[in-house]
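Step one of this worksheet: look at the structure below.
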Amino acid sequence: MNEKEVFAAIAYALHEELGKHTHDQESFVLTFKRTPTAWNLKTQMMRPLPR
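The sequence shown runs 5 to 55 under the working numbering.
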């Protein structure tokens, strides 16, 4: 790396760290919506009892 690239990397890192206005606030809450599929339907997974 030459000297200009190092200065550019440092300037960009400082801009990202100090300029927090560009990032959204995270709620850190995960939401899962269950959708029925053949993998989680018990009627599809269970085999009939043998006679």
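Using N, Cα and C, we set each Cβ at its ideal position, and we do this for glycine too.
Here the structure is a predicted model, which is why all the values come from computation and not from measurement.
Quick check: the Cα distance between residue i and residue j, rounded to an integer number of angstroms?
i          : j          : result
residue 58 : residue 31 : This structure leaves residue 58 out entirely; the chain is present only between 5 and 55.
residue 22 : residue 34 : 28 Å
residue 40 : residue 20 : 42 Å
residue 6  : residue 17 : 17 Å
residue 44 : residue 29 : 34 Å
CB-CB under 7 Å to residue i, same chain, minus the five flanking residues each way: which ones, in chain order?
i          : result
residue 52 : none
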